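Protein chains in written order, with my numbering: chain C, -19 to 111; chain Z, 1234 to 1579.
For glycine and all other residues, C-beta sits at the position ideal for the given N, C-alpha and C.
These figures come from a predicted structure and were not determined experimentally.
First the structure, in the form of structure tokens, and then the observations on it.
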Amino acid sequence: HLAKSLPLPSERDHLRPRIDLIVFMIDIKSKYSFKNVETSLAYMDASFFLGKVCFLVTGVGRVNACSIEMNAICKLGEAYCSPMLFCELELEGIRVATAQRLIRILQICAGHIPGVSALSFSSLMRNSDED
Amino acid sequence: MDETVAEYIRRTVLKIPRDEIKMMLQKWGFLSEAQLQTLNFHQIKDNISQEVVQLCEENSANIKQAAVLDIIYNHIYQNKRMWSVYRMKKSEEELEYFEITDFKKKFKGRLRSALKNVTITFKEYEDNAIWIRVAWGTPYKKPNQYKPSYVVYHSQTPYVFISASVLKSNLPLLCQALIVASNYHDIREMELRSHSLNSLKDIVFKRYSQNFQTYNPKPLQGENVEPESADIRIVQENRSEKERIHRLNQEVFGSGPQPKLEFAQYKLETMFKNGPKIDALDKKEPFRCLVKFSSPHLLESLKSLAPAGMADAPLSPLLTCIPHKARNYFKIRDKKGSFPDSFVSP
Chain C
-19 HLAKSLPLPS ERDHLRPRID LIVFMIDIKS KYSFKNVETS LAYMDASFFL GKVCFLVTGV
41 GRVNACSIEM NAICKLGEAY CSPMLFCELE LEGIRVATAQ RLIRILQICA GHIPGVSALS
101 FSSLMRNSDE D
Chain Z
1234 MDETVAEYIR RTVLKIPRDE IKMMLQKWGF LSEAQLQTLN FHQIKDNISQ EVVQLCEENS
1294 ANIKQAAVLD IIYNHIYQNK RMWSVYRMKK SEEELEYFEI TDFKKKFKGR LRSALKNVTI
1354 TFKEYEDNAI WIRVAWGTPY KKPNQYKPSY VVYHSQTPYV FISASVLKSN LPLLCQALIV
1414 ASNYHDIREM ELRSHSLNSL KDIVFKRYSQ NFQTYNPKPL QGENVEPESA DIRIVQENRS
1474 EKERIHRLNQ EVFGSGPQPK LEFAQYKLET MFKNGPKIDA LDKKEPFRCL VKFSSPHLLE
1534 SLKSLAPAGM ADAPLSPLLT CIPHKARNYF KIRDKKGSFP DSFVSP
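So this is what it looks like as structure tokens:
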């Protein structure tokens, strides 16, 4: 399901299946997309942040066109305890690899991989110099 | 044949891409078909132009004929030049019959009486466009053929398109000659400039597709808002929003191709509001600022902003009014009164 922002339009509530994973896409060339993601995050139920949210930053291949600071992006990922993936959609190889990673994450979130749950993601993200 | 004419013809031919030289010489019609047959168009351009000059020597070309070749080149490559639009005004609504020879005579007469050293050339095209080329000199110097001004006048309209040379001082004289020749009493420059002459014509002659208020609540059967979404596994949550944006865009921009402009410039003379408290900005003076939008095709890119998700729809009327108001240069000042609101000055 593709949406351009949250909250989702209520008229389609009955057509929506259970949501296992939410991927927030940020285009590093567009400050507008970053702001949009920040505002949409406010509408999220807190329980999703236990591993069912992930950030996908696109357009990282074009270094000259970056409009958002890496600092701001990393802070966002830390604030919401969710993994941050970086990719360049214009290159087919990276596109395919990113899609495969997302499917893997989705399989775990949907409970299709025995022994691994979405909760493991947050433990994998903790900095090694904490504790 | 004059040395300067020979050199001018040589340089003009050098400008033309090699594959088009034959076609342009044919359009020119100064060299006979037999002469053109003798030319070898497969050698380097330097040699081609030398041969052309030789042939022109045989026919004793003068500057007037050379100037016609220049008009032909600039007519085909009109988009290399920057064009400004001027609008003429008549004192009364008299419908005078336009006579081309009368126009030419008056135009030449007016210019020559003010400036002896000018080269004036006319060429008429099928779409009622009269192309005028003017090379400017001074009372003591012969006209500079390499920096001419071009004027395109559609006789049934009050509009004139001018691509002035760098010598801006000749512009008032040119304008004066135009109004005298065409029986208008005033001429004013519009705030509209572009490289694409046809697009400027589209805008002022209102030839682009405009939105007309029609009652059409449902999108037409054939309209497909989401052409790429062939995969039925992808669900668009914001389908109605996308359709709203598409509809708004159609209303504002129409469904046809947009006229081609390269930039829009907004000169702001407004008070700085809602910003951080910086002393320099706290003065009771307007904050002067120039905002310029550039693009290979400005209006098409504005049209695609909202569907691409890069801006909210509807777009600011300051951007969307460009073709309707026939201007891409704006001055924005605060409205005088208790509530400062910006308005566009005429």
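Asked	Found
CB contact check: Z:Ile1242 to chain C, cutoff 9 Å	no
Rounded C-alpha distance that separates Z:Lys1248 from Z:Lys1341	28 Å
Helix, strand or coil at Z:Ala1294 according to DSSP, with G and I counted as helix	coil
4 or more residues per run - each alpha helix (DSSP H) lying fully within the region 1238 to 1325 of chain Z	1254 to 1261, 1266 to 1270, 1278 to 1291, 1296 to 1309
Beta-carbon proximity of C:Thr3 to C:Phe35, cut-off 9 Å	The identity of residue 3 of chain C in the sequence shown is Val, whereas the question assumes Thr. Yes.
Residue burial classification, C:Gly39 (beta-carbon count within 10 angstroms, cutoff 16)	buried
Per-residue DSSP class, three states only, for C:Ala77	helix
Chain Z contacts made by the region -5 to 13 of chain C, where a contact means CB separation under 7 Å	Ser10, Tyr12
Local Cβ density within 10 Å of C:Gly31, reported as buried at 16 or more and exposed below that	buried
Residue range of the beta strand (DSSP E) that includes Z:Ile1353	1351 to 1357
Z:Pro1391 beta carbon less than 9 Å from that of Z:Ile1436	no
Cutoff 9 Å: Z:Ser1473 Cβ touching any chain C Cβ	yes
Outcome for C:Asp7 when other beta-carbon atoms lying within 10 angstroms are tallied against a minimum of 16	buried
Under 7 Å by beta carbon: chain C residues contacting Z:Met1543	Ser10, Tyr12
Beta-carbon gap between Z:Ala1362 and Z:Val1351 smaller than 9 Å	no
Residue range of the alpha helix (DSSP H) that includes Z:Lys1475	1472 to 1486
Three-way DSSP call (helix, strand, coil) for Z:Tyr1562 in this model	strand
Host beta strand (DSSP E) of Z:Leu1425 (start-end)	1419 to 1427
Alpha carbon of Z:Val1413 to alpha carbon of Z:Arg1345, nearest angstrom	13 Å
CB contact check: C:Glu72 to chain Z, cutoff 9 Å	no
C-alpha gap between Z:Ala1539 and Z:Pro1547, whole angstroms	8 Å
Beta-carbon contacts of C:Cys46 that lie in its chain and below 6 Å, excluding the five residues immediately before and after	Ile8
Where C:Leu99 sits in the DSSP three-state scheme	coil
Burial state of C:Asn44, where buried means 16 or more other Cβ atoms lie within 10 Å	exposed
Below-9 Å beta-carbon distance, Z:Leu1453 vs any chain C residue	Low confidence applies here, because Z:Leu1453 scores a pLDDT of 48, under 50, leaving its location unreliable and the question unanswered by this model.
C:Ala77, buried or exposed, once every other Cβ within 10 Å from all chains shown has been counted against 16	exposed
Under 7 Å from the C-beta of C:His(-19): neighbouring residues of chain Z	Val1468, Glu1470
Residues of its chain near C:Leu82, where Cβ-Cβ distance is below 7 Å and the 5 sequence neighbours each way are ignored	Val3
Of the listed residues Z:Ser1488, Z:His1418, Z:Arg1521, Z:Val1301, nearest to Z:Ile1353 (C-alpha basis)	Z:Val1301
Reduced DSSP secondary structure (H/G/I, E/B, other) of Z:Arg1366	strand
Pair within 9 Å by beta-carbon distance, Z:Phe1486 and Z:Leu1501	no
Supposed close pair Z:Glu1470, C:Leu(-18) - CB separation, criterion 8 Å	6 Å
Beta-carbon proximity list for Z:Phe1336, same chain, < 7 Å, skipping 5 on both sides	Ala1414, Ser1415
Validate contact between the region 1266 to 1286 of chain Z and the region 1310 to 1329 of chain Z using beta carbons, cut 8 Å, 3 pairs	no
Z:Ser1527 - DSSP class collapsed to helix/strand/coil	strand
DSSP three-state assignment for Z:Lys1338, whether helix, strand or coil	helix
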